[in-house]
Amino acid sequence: MGLALCCTTALLAGCGGATDEGSARSEVRPPLKGSPAVGKASKDPDTGDFNGDGFDDYAVEVDFEGPDADRSDIELAVVYGSAKGLLTGSPVRVPDGDGEDGEGDDGEVEGFFSEPLRADLDGDGFTDLIGSRGKYPDTRTFALFGGARGLSAPKDLDVPDGFRPLAAGDFDGDGSVDLLDGGKGTIDDESGEEWDPRLPAERERGEVLFGPFNRAGAPARSWAMDFSQHGYTTPLEAHTGDFDADGCTDILLPYGFDAEQDDSAPDDLTRLAYYRGDAKGGLVPGPDVKPDLYDAMSTVEGLRGVTVADADGDGIDDVIGSGEASDNHAGGGSDPGEITIIYGSKSGLGKGRSAKKMKQKAWSWGFDPKVGDVTGDKVPDLVLGDNDPKGNGGEVSLLPGTSEGPDLDGAQTVSPLTDGLPSTTGKPYRWTEFGSDELLDFNGDGRQDLIVLAEKWERKKPAFLAFRGTAEGLDPGQVQYFAPNYLKPTGTTATRPS
Ligand SMILES: [Ca+2]
Ligand SMILES: [Ca+2]
Ligand SMILES: [Ca+2]
Ligand SMILES: [Ca+2]
Numbered sequence: 001m002g003l004a005l006c007c008t009t010a011l012l013a014g015c016g017g018a019t020d021e022g023s024a025r026s027e028v029r030p031p032l033k034g035s036p037a038v039g040k041a042s043k044d045p046d047t048g049d050f051n052g053d054g055f056d057d058y059a060v061e062v063d064f065e066g067p068d069a070d071r072s073d074i075e076l077a078v079v080y081g082s083a084k085g086l087l088t089g090s091p092v093r094v095p096d097g098d099g100e101d102g103e104g105d106d107g108e109v110e111g112f113f114s115e116p117l118r119a120d121l122d123g124d125g126f127t128d129l130i131g132s133r134g135k136y137p138d139t140r141t142f143a144l145f146g147g148a149r150g151l152s153a154p155k156d157l158d159v160p161d162g163f164r165p166l167a168a169g170d171f172d173g174d175g176s177v178d179l180l181d182g183g184k185g186t187i188d189d190e191s192g193e194e195w196d197p198r199l200p201a202e203r204e205r206g207e208v209l210f211g212p213f214n215r216a217g218a219p220a221r222s223w224a225m226d227f228s229q230h231g232y233t234t235p236l237e238a239h240t241g242d243f244d245a246d247g248c249t250d251i252l253l254p255y256g257f258d259a260e261q262d263d264s265a266p267d268d269l270t271r272l273a274y275y276r277g278d279a280k281g282g283l284v285p286g287p288d289v290k291p292d293l294y295d296a297m298s299t300v301e302g303l304r305g306v307t308v309a310d311a312d313g314d315g316i317d318d319v320i321g322s323g324e325a326s327d328n329h330a331g332g333g334s335d336p337g338e339i340t341i342i343y344g345s346k347s348g349l350g351k352g353r354s355a356k357k358m359k360q361k362a363w364s365w366g367f368d369p370k371v372g373d374v375t376g377d378k379v380p381d382l383v384l385g386d387n388d389p390k391g392n393g394g395e396v397s398l399l400p401g402t403s404e405g406p407d408l409d410g411a412q413t414v415s416p417l418t419d420g421l422p423s424t425t426g427k428p429y430r431w432t433e434f435g436s437d438e439l440l441d442f443n444g445d446g447r448q449d450l451i452v453l454a455e456k457w458e459r460k461k462p463a464f465l466a467f468r469g470t471a472e473g474l475d476p477g478q479v480q481y482f483a484p485n486y487l488k489p490t491g492t493t494a495t496r497p498s
């Protein structure tokens, strides 16, 4: 469907081909090489920065294509920040296991089994990178420990077999980081598969490991917790934040299930569970948020996703929901894209200032909300994606923050049609799947920079485009380009640079 729309648009635009018309491109500069600056520990380390040098560092799972097109090789790549920008020529790489990717004859799948988490697990004042990898179901939880000269080599943690770190936070507020596994009755919750029989029974329901973690990577204590809603479903992901400013991390757990046609489904299922961090209990359900959190942020079509961030800059985390919308109406109508911000407050989530809603005509508006101060005026800005604007296959908008909230009318948009973006071919493709990946201040100037992942930037191959934040917004004139191949030749497995 994407391809068809792309071609139609190109014809309407009156161009000869879908790929050779468009905006001016700049040349790709060579990868930036160098070692990260030597940093220092901090009492409250910035989660963006692994070596404490004041420059945020980027971590991403990258599919390094092998010489054989059928083989892919997924690795976790870390690209350090510097005053000059991301050190794309000197990445650190972590493989996902020992063998080839893909499903083998024995049905084993090798890969990463959780999104990489950033937290100071060992409490030494440097942010660590935590993940899980291996051959399912024999996955191992590992950490790369931050340090003044960069991340350590990956080290397996001494945690229960099959533990999958879905979230990190200080749930009991004792000052040490805790890890949470939401349970995994299914590999793919969307498919509604049965509990995976290969998993030990105790892994089905969820577990919280409380810090401090010792040098062997073992938690101080663990606690089994049932997030499975009567064994019916397990959380797809987890979003942590402190929504009531009590110093204990709270958590939102979205679930994916289709219970409408299922008579056996429990009648009290929720699609978005809220657990409050508690100094005595660790994590406790609720309290109820009125109106219901899911209902407050979803459209009739549902909810695309949630993001946690301090959207109004009062120091208390807020929840941003992106409402699902559809363009598949009879007669060609489309729902507006919708964003809802529910504010945290000392008296609880949703109990402070009233929720803010924003709508835009296109159903595709409002994807992947992200919050950060891009312009450096100390007011948080909002970054939103639109994955289907007419004619360019993805764009990203920066809504500058004001005392009234994000300014929709003052939005700046960058897209594949923006002049000056770097290209190795000089020939932009239109359907690039251009979307925001992460906000980080990788050049340490106090303004958040935006890393865009364009899955099909050139020759249908992915590229990262790192936009710098400036007082005027995102600067398309000095964008750093890097592609998986740029990260490939010089890197080895992770070691602390010496
Ligand atoms: Ca850094
Ligand atoms: Ca650490
Ligand atoms: Ca703790
Ligand atoms: Ca910056």
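Under UniProt numbering, the letters of the sequence shown match residues 1 to 498, in that order.
In this text, a Cβ means the ideal position worked out from N, Cα and C, and glycines have one as well.
With contacts defined by Cβ atoms closer than 8 Å, residue 442 and residue 173 do not form a contacting pair. Counting only residues of its own chain and dropping the five nearest sequence neighbours on each side, residue 455 has a CB closer than 6 Å to the CB of 433 and 462. Here the residues close to ligand 2, judged by CB distance below 5 Å to any of its heavy atoms, are 120, 122, 124, 126, 128 and 146 in chain order.
A Cβ-Cβ distance of about 17 Å is found for the pair residue 224 and residue 211, leaving them out of contact under the 8 Å criterion. With the rule of 3 Cβ pairs closer than 8 Å, the stretch 354 to 362 does not count as touching the stretch 254 to 266. Near ligand 4, meaning a beta-carbon closer than 5 Å to one of its heavy atoms, we find 441, 443, 445, 447, 449 and 469. Judged by pairs of C-beta atoms under 8 Å, the stretch 378 to 385 does not touch the stretch 412 to 426, as fewer than three such pairs exist.
A direct Cα-to-Cα measurement between residue 301 and residue 271 gives close to 13 Å.
Here residue 75 really is in contact with residue 94; their C-beta atoms are around 6 Å apart, less than 8 Å. Between residue 318 and residue 310, the gap from beta carbon to beta carbon is short of 8 Å.
Considering only 237, 57 and 135, the residue with the shortest C-alpha distance to residue 168 is 237. Between the alpha carbons of residue 447 and residue 469 lies a distance of about 5 Å. Distance from the Cα of residue 374 is smallest, within the candidate group 282, 324 and 450, for 450.
In terms of Cα proximity to residue 466, the closest of 353, 267, 239 and 440 is 440.
Nearest Cα to residue 459 within the set 402, 23, 430 and 285: 430. Scanning its chain for C-beta atoms nearer than 6 Å, with the 5 sequence neighbours on each side dropped, one finds around residue 307 the residues 320 and 369, in chain order. Between ligand 3 and residue 257, a heavy atom-to-CB distance of less than 7 Å is absent. Of the candidates 293, 246 and 314, 246 places its Cα closest to the Cα of residue 283. Residue 130 holds the alpha-carbon nearest to the alpha-carbon of residue 213 among 229, 263, 239 and 130. Separation of the CB atoms of residue 266 and residue 229 is rounded to 6 Å, and the pair is thereby assigned contact status at 8 Å.
DSSP, reduced to helix, strand and coil, places residue 212 outside both helices and strands of the structure shown, so it counts as coil. DSSP, reduced to helix, strand and coil, places residue 278 within a strand of the structure shown. In the DSSP annotation of this structure, the continuous segment of the beta strand (DSSP E) that includes residue 178 starts and ends at 178 to 181.
For residue 296, the three-state secondary structure derived from DSSP is helix. Fewer than three pairs of CB atoms, one per stretch, sit closer than 8 Å, so the stretch 404 to 424 makes no contact with the stretch 324 to 338.
With a cutoff of 7 Å, residue 85 does not count as near ligand 1, since its C-beta is closer than that to no heavy atom of the ligand. Scanning its chain for C-beta atoms nearer than 8 Å, with the 5 sequence neighbours on each side dropped, one finds around residue 353 the residues 312, 343 and 345, in chain order. Where residue 481 is concerned, the enclosing beta strand (DSSP E) starts and stops at 473 to 482. In chain order, the residues with a C-beta atom nearer than 7 Å to some heavy atom of ligand 3 are 170, 171, 172, 173, 174, 175, 176, 177, 178, 210 and 211. Around the beta carbon of residue 215, fewer than 16 other beta carbons lie within 10 angstroms, which makes this residue exposed.
For residue 39, the shortest C-beta to heavy atom distance toward ligand 1 is below 7 Å. Relative to the non-hydrogen atoms of ligand 1, the Cβ of residue 81 comes within a distance shorter than 7 Å of at least one. Between residue 298 and residue 366, the C-beta spacing is not below 8 Å. Boundaries of the beta strand (DSSP E) around residue 95: 92 to 95. Inclusion of residue 40 and residue 148 in the CB contact set at 8 Å is warranted, their separation being smaller than that value.
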